[in-house]
Amino acid sequence: MEPVRVLVVDDEAELVSALTERLELRGFSARGATSGEAALEALRAGAWDVVLLDVRMPGIGGFELTRRIRQEHPDTAVVLLTGRTSADDEETSRSAGAFAYLIKPIPIGRLEEALNAAAGRESDA
Amino acid sequence: MLIAVVISVSAVALLPLGIMSWISYRQYREAFRSELTRPMLRFAEAGKHSLEAYLTERLSGLSLVVRRNDYEQLTDPAYLDSVLVDLKGTFSGIMDLGVIDDDGTQVAYAGPFELEGRNYREQEWFREVATSGSYVSDVFMGYRNLPHIAVAIHADRDAGRWYALRATIGTDLFHWLVPDPAARPPERGSVCSRCHSLAVPAFSDAFIINEAGALQTPSRLYGAPLDTAMLPQLPRADEPRFHSLVDGRGEPVVTAYVEVDRSPFTLVLLSPHDEFHAGWASLRRDLVLLPLISGIIILALIIGGAVYSVRAARKWDRRRAALFHEMEYTNKLAAIGRLGAGVAHEINNPLSIITQKAGLLHDLLSRSEELPPREKLMGLVDSVQKSAERCGEITHRLLGFAKHMDIQRETINLDVLIHEVLSFLEKEASYREIEIEVQQPDDTPSIISDRGQLQQVFLNIINNAFAAVDDGGRIEISIRRAEGDMVAVTITDDGVGIPSEHLPRIFDPFFTTKSGSGTGLGLSITYGIVQKLGGDITVESEEGVGTSFTVTLPIEGVEGRNGNGTRTRAGGR
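Those sequence lines, one after another, are chains A and B.
Residue numbers for the first sequence follow the numbering used here, so the first one is 251 and each next one is one higher.
Residue numbers for the second sequence follow the numbering used here, so the first one is -3 and each next one is one higher.
Printed below as a string of structure tokens:
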């Protein structure tokens, strides 16, 4: 089976490198980007199953980025990471087209599940 | 202040009421008086005229007789009889007729008595006729022992002699003095009809007295004719007069009386004072009672209203002051909350990094028998440490947010600054009657420091003092030079005091003895500011006695920014 291709996007480079390495160890094919613009470029350059996205980023914010990704790459699922819960934010993320909305710090196990589910859903469709 | 409000509002409300009441009282009294006295005076006037007319008529009748007849004719008994009959027919009341010569001897008589031969020379009436030409007598008991009067006129005779013509008149002339019109004898003649229309005012006694004060007619109160009316001597009254006096029995009475011209009579209309005033007394009671009760009610309402208003005003001011304090705390809380939220948010990132780096370390170590390369491991551990440090910085920022502000430098007179801080609390101080005394010896120097932050410091300490003292408590603030080029400010209150076991922790963050309220950050922030300004803060306290905070500050201040924004070092080095 093909490994799930994950693009990890966060403005904290340290976090991106740690996450991508851990995901690789777990059988994902993971790359990182540290800005919204870089993410969009990477998406145009290659094919991805899931984009793991931090909501709070400078430049293009998480929700706006989600909308654009879902528009330009409807085959790619988006999972949002955030530092706080909010009913409004959940609603916004849903309407922006995100698959899931996760609170960090997140245990790696749960992240795996969410990414697999997001990718799996796509492959079912 | 309450008393001043009550007095001034009462004056404004009650003065007009009082003045109006007084004015209307006087007017009513006057109206009432004249209302009561007028009928009496009118009656007296009318009675006087009536009587005078009656007497004049009869005297005129006699005059006509002596003009038309001469002495010889009149001394003829039969002729005198016929004259009497004529007179009787014309003038009611004439009972008899007599001719008395200048000797005083009755030389002729027509009438029911046997009076011929009587001599009247010694009698007063004879002398009066001789001198003044006419005479009207007092009432005397006459025919059938009924009251009568006698009238007489002087007539000339030839040879310089004179005689008197005398008539006795029954006192039906006084019949209209009977109060009940129905009990009066029927009208007779024109004069009669006029006097019949006179009504004796209710509750009054009407009678006639002579110059000696003897009743000439029956009096309801004082007796029968010829009894002495128990009245004191009345002043002369040619016109009807109204008079209040005390009668012979000691009862207060009011009278309207008038003398009847050319007679010994005085017409008296009299009423007991109480009866006379009965109507007035009850009206007067109402006139006084009503404003009095109104005044009392108004006063009560004013006092009640003033007390309520002052209390409400105090309550609202206290509330406002409390709200200000709450707002201050809430603002601080909100700021802390925002900070906290920001901090939490910010901490998430380094925390996530720690989680993932440590997680990666765990993954690498658990996946194979061999250890990963040393550099890799070191790199991961370094990363974890760096992120942990980052977390520390962020949390410190929460506690030390006050330290982030740059310190301004300016010359500050602590006495002035303390009073500025006190002005914010002066309303609460005055309502709670908290006494505040500020002492500063004249030679205490100004210091260089940050005005805004010092205000925060002292506001916090003085606020705590207010919270600690009871109403009527006392706060003393002293400002003085201290060792080592410092100035010390001591704030002492006589409030509840701090238990000794709490004293060491009083400046700790989040330490509070107030359950449920306050964040416990006030004193720790104050402590931080004082430290930053180069000073020190200490506390002494005894439970039940009071608490004393001392803030020491350097005269020269610390490094900071001048008013124009340039950085400067502490001077004097």
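The beta carbon of each residue, even a glycine, is placed where N, CA and C say it ideally should be.
Proximal residues of chain A, C-beta to C-beta of B/SER379 below 7 Å
Chain A residues near B/SER379: GLU264.
What is the residue span of the alpha helix (DSSP H) that B/HIS498 lies within?
Here B/HIS498 belongs to no alpha helix (DSSP H), and DSSP marks it neither H nor E.
Going by CA-CA distance only, name the one from B/ILE533, B/ASN65, B/ILE293 and B/ILE165 that's closest to B/ALA9.
Check the Cα spacing between B/ALA9 and each of B/ILE533, B/ASN65, B/ILE293 and B/ILE165: the tightest is with B/ILE293.
Check B/TYR218 in the structure and name its three-state DSSP category.
Here B/TYR218 sits in coil by DSSP.
Between the C-alpha atoms of B/SER538 and B/SER544, what's the straight-line distance to the nearest angstrom?
A small fix is needed here, since residue 538 of chain B is Glu in this sequence, not Ser. In a straight line, the C-alpha of B/GLU538 is about 9 Å away from that of B/SER544.
A/ALA268: contacting residues in chain B (beta-carbon distance under 7 Å)
The contacting residues are ILE349, GLN352, LYS353 and LEU356.
In terms of DSSP beta bridges, what is B/ALA163 paired with?
Its beta-bridge partners are B/LEU93 and B/VAL147.
Flag B/ASP466 as yes when its Cβ comes closer than 6 Å to any non-hydrogen atom of the ligand FMN, and as no otherwise.
The model on display carries no ligand, and the ligand FMN is accordingly not part of it.
Cutoff 7 Å; reference B/ALA354; Cβ partners in own chain excluding five residues on either side
So the list reads VAL380, once near-sequence residues are dropped.
For B/TYR75, the three-state DSSP class (helix, strand or coil):
Helix at B/TYR75.
Indicate whether at least one CB of chain E lies closer than 7 Å to the CB of A/GLY277.
Annotation note: the requested chain E is absent from the structure, which comprises protein chains A and B.
Pairwise C-alpha distance: B/PHE28 and B/ALA274:
Each residue's alpha carbon lies about 11 Å from the other.
How far does the alpha helix (DSSP H) with A/GLY282 in it reach, from first residue to last?
Run containing A/GLY282: none in the alpha helix (DSSP H); it sits in the beta strand (DSSP E), 279 to 283.
What are the boundary residues of the beta strand (DSSP E) that includes B/HIS239?
Run containing B/HIS239: 237 to 242, per the beta strand (DSSP E) assignment.
Any contact of the stretch 263 to 278 of chain B with the stretch 345 to 358 of chain A, i.e. 3+ C-beta pairs under 8 Å?
The stretch 263 to 278 of chain B makes no contact with the stretch 345 to 358 of chain A, as fewer than three CB pairs between them are under 8 Å.
How many Å lie between B/GLU365 and A/ILE319 at the Cα?
When rounded, the distance between both Cα atoms is 42 Å.
Within 10 angstroms of the Cβ of A/MET307, are there 16 or more other Cβ atoms? Answer buried if so, exposed if not.
When all chains shown are included, A/MET307 counts as buried.
Please report the distance separating the alpha-carbon of B/VAL147 from that of B/THR127.
If I take the Cα positions, the gap works out to 15 Å.
B/ILE473 versus B/THR440, B/ASP466 and B/GLN435, residue with shortest Cα-Cα distance:
Comparing C-alpha distances from B/ILE473 to each of B/THR440, B/ASP466 and B/GLN435 shows the shortest one belongs to B/GLN435.
I'd like the list of long-range same chain contacts for B/VAL79, defined as Cβ closer than 8 Å, with 5 residues on each side in sequence excluded.
Around B/VAL79: VAL61, ASN65, LEU70, LEU93 and ALA106.
Enumerated in chain order, which unbroken segments of the beta strand (DSSP E) with a length of 3 residues or greater are wholly contained in the stretch 442 to 483 of chain B?
Taken in chain order, the unbroken stretches of beta strand (DSSP E) that lie wholly in the stretch 442 to 483 of chain B and span 3 residues or more are 443 to 445 and 470 to 478.
If you reduce the DSSP assignment to three classes, tell me which class B/LEU230 lands in.
B/LEU230: coil per DSSP, three-state reduction.
Is there at least one Cβ from chain B nearer than 7 Å to A/PRO253's Cβ?
It does not: the Cβ of A/PRO253 has no partner Cβ on chain B nearer than 7 Å.
Since B/ALA318 and B/ILE350 are thought to touch, with beta carbons under 8 Å apart, how far apart are those beta carbons, to the nearest angstrom?
Contact check for B/ALA318 and B/ILE350: beta-carbon distance about 45 Å, past the 8 Å limit, so the pair fails to qualify.
Residue of B/SER426, B/ILE475, B/ASP378 and B/SER133 minimising C-alpha distance to B/ARG310
For B/ARG310, the closest of B/SER426, B/ILE475, B/ASP378 and B/SER133 by C-alpha to C-alpha distance is B/SER426.
Exposed or buried, what is B/MET374 when buried is set at 16 or more other beta-carbons lying within 10 Å of its beta-carbon?
So B/MET374 counts as exposed.
Just how far apart, CA to CA, sit B/LEU(-2) and B/PRO12?
Distance between the alpha carbons of B/LEU(-2) and B/PRO12: 22 Å.
Contact set between B/ARG363 and chain A, taken where Cβ atoms lie within less than 9 Å
Neighbourhood of B/ARG363 in chain A, by CB distance below 9 Å: LEU275, in chain order.
Using only the alpha-carbon positions, how far apart do B/TYR116 and B/ASP201 sit?
Computed Cα separation, rounded: 36 Å.
Going by beta carbon distance, what residues of the same chain come within less than 6 Å of B/LEU357, once the five residues before and after it are set aside?
Closer than 6 Å at Cβ, skipping near neighbours: LEU376.
B/THR251 burial status per 10 Å Cβ neighbour count (16 or more: buried):
The residue in question, B/THR251, is buried, as its Cβ has 16 or more Cβ neighbours within 10 Å.
Option nearest B/LEU37 by Cα separation, candidates B/VAL256, B/ALA463, B/LEU265 and B/ASP282
Selected option, being the one with the closest Cα: B/LEU265.
Can you tell me which of B/ARG477, B/PHE462, B/GLY530 and B/PHE454 puts its alpha carbon nearest to the alpha carbon of B/LEU519?
Minimum Cα distance to B/LEU519 is reached at B/PHE454.
Could you check whether the Cβ of B/ASN460 sits closer than 7 Å to any Cβ belonging to chain A?
Not closer than 7 Å to any Cβ of chain A, the Cβ of B/ASN460 fails to qualify, so no.
Counting contacts by CB-CB distance shorter than 7 Å, is A/PRO308 in contact with chain B?
Answer no: the Cβ-Cβ gap between A/PRO308 and chain B never drops below 7 Å.
On the criterion of 16 or more Cβ atoms from any shown chain inside 10 Å, does B/GLU68 qualify as buried, or is it exposed?
Burial is judged here by how many other beta carbons sit within 10 angstroms of a residue's own beta carbon; B/GLU68 has fewer than 16 and is exposed.
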